[in-house]
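Encoded as structure tokens, the structure appears first; notes follow it.
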Amino acid sequence: PLPISFMEQLSQYANLDAIVCDNQRISYQELHNGAVQIAQKIEQSNIQTNEHVAILLPKGWEQVVSVLACGYAGVAYLPLSISYPKNRIDYLLKETNIKMVLSANTLFSDKSLEVVDVGSFVDLDSKMPHYPIKAKSKR
Numbered sequence: 289p290l291p292i293s294f295m296e297q298l299s300q301y302a303n304l305d306a307i308v309c310d311n312q313r314i315s316y317q318e319l320h321n322g323a324v325q326i327a328q329k330i331e332q333s334n335i336q337t338n339e340h341v342a343i344l345l346p347k348g349w350e351q352v353v354s355v356l357a358c359g360y361a362g363v364a365y366l367p368l369s370i371s372y373p374k375n376r377i378d379y380l381l382k383e384t385n386i387k388m389v390l391s392a393n394t395l396f397s398d399k400s401l402e403v404v405d406v407g408s409f410v411d412l413d414s415k416m417p418h419y420p421i422k423a424k425s426k427r
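In this note's numbering, the protein residues as written are 289 to 427.
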């Protein structure tokens, strides 16, 4: 699974660039730090491994951190395009029984769901410890 492969890369290349996007460089360690913070938030919200988390973000580091966090937490994610019409997004969220949306406050808000504003919530400089990955290996 992606989280396990990522942890192998983290141990070798922690200070090297993992993402270069819009004049911003994010190291493997910073990417890990952000993913751990979101994974912990998912677990605190009691999202179960058979439930889904929606990711509604433009292409960028926030989207990558969110996908990795879902892997760390062992939950499936539903990628939603920001170009979808609102009624399509609402329909998909309802039909898939989404409990949490990883997004940006400027893109999405819904009082009936927990919405995590990834860009504001994540502190890439905050050193996070090793994380017990919940993703299951297919071995």
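Using N, Cα and C, we set each Cβ at its ideal position, and we do this for glycine too. Predicted model, so just to flag it, every value in this text is computed and none were measured.
The Cβ-Cβ distance between residue 402 and residue 363 does not fall below 8 Å. Assignment of residue 402 by DSSP, reduced to helix, strand and coil, places it in the strand class. Residue 391 and residue 405 have their C-alpha atoms spaced approximately 5 Å apart. In terms of CA proximity to residue 351, 368 leads the group 301, 368, 294, 303. Looking from the CA of residue 296, the closest CA among 320, 397, 309, 307 belongs to 320. Just so you know, the alpha carbons of residue 381 and residue 375 end up roughly 10 Å apart.
In the DSSP assignment, residue 369 falls outside any alpha helix (DSSP H), carrying neither H nor E.
A contact between stretches requires three or more CB pairs, one per stretch, nearer than 8 Å, and the region 324–333 fails this requirement with the region 301–308. In this structure, the CA atom of residue 393 is about 16 Å from the CA atom of residue 378.
C-alpha of residue 345 to C-alpha of residue 292: approximately 24 Å in a straight line. A straight-line Cα-Cα distance of about 23 Å links residue 357 and residue 371. Here residue 323 is not near residue 314, since their CB atoms are 8 Å or more apart. In this model, residue 359 and residue 290 are separated by some 7 Å (Cα to Cα). For residue 355, the enclosing alpha helix (DSSP H) has its first and last residue at 349–361.
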